[in-house]
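Student: Under the numbering used here, think of the first position of the sequence shown as 1009, with each following residue one higher. Before anything else, here's the structure in question.
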Amino acid sequence: MSDFTAAKFTGITDNPEIIVNQYIKSINTLVITEQTKFDFKKFFKLSEVTYDIDLANEFNSKIDPSKLVITEAYKFEMDKVKEVIRKYDVKDKTGTGLIFVAENLNKTAKIRELLCLFF
């Protein structure tokens, strides 16, 4: 559900390898295990929702931890979002898909920015 491959973490003191190998995967799993908190079915007025986090987790697992944490705020343009979305092969799928593209998890500014794009 969440793609962090273009994201940066600002002001984070946690070990970047733990972020990549545990935290990011846990974020994606949380959306499935706590569906009452993240009720996409109700929010989008759908009769059925199928969760498939495998591809996002696969891409996220390839993040280079040494490039993940930075000291300044970080932003990217919509072209970067489109680039991230293009990686997803959804040709055999039907319906509406949703992926959150993380931009900057900024502990210093205490903001978390996510962009989302429907495809």
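We treat Cβ as the ideally placed atom computed from N, Cα and C, and that holds for glycine. It should be emphasised that the depicted structure is a prediction, and the values quoted were computed from it without experimental measurement.
1. What is the rounded straight-line gap between the Cα of Y1082 and the Cα of K1016?
2. Specify, as a first and last residue, the run of the alpha helix (DSSP H) that K1088 falls within.
3. Write down the C-beta distance between A1064 and D1011 rounded to the nearest angstrom, noting that I regard them as a contact closer than 8 Å.
4. Report the option in N1029, Y1031, F1067, L1054 whose CA atom is closest to the CA atom of T1160.
5. With 16 as the cutoff for other CB atoms within 10 Å, does I1032 come out buried or exposed?
Tutor: Once the coordinates are examined:
1. If you number the sequence shown from 1, residue 1082 lands on position 74. If you number the sequence shown from 1, residue 1016 lands on position 8. About 7 Å.
2. For this step, residue 1088 is matched to residue 80 along the sequence shown. Element bounds for K1088: 1086-1094.
3. By one-based count along the sequence shown, residue 1064 stands at place 56. By one-based count along the sequence shown, residue 1011 stands at place 3. 5 Å between Cβ atoms; contact.
4. The chain is shown only over 1009 to 1127; residue 1160 falls outside these bounds and no answer can be derived.
5. In the sequence shown, residue 1032 corresponds to position 24, counting from 1. Buried: at least 16 other Cβ atoms inside 10 Å.
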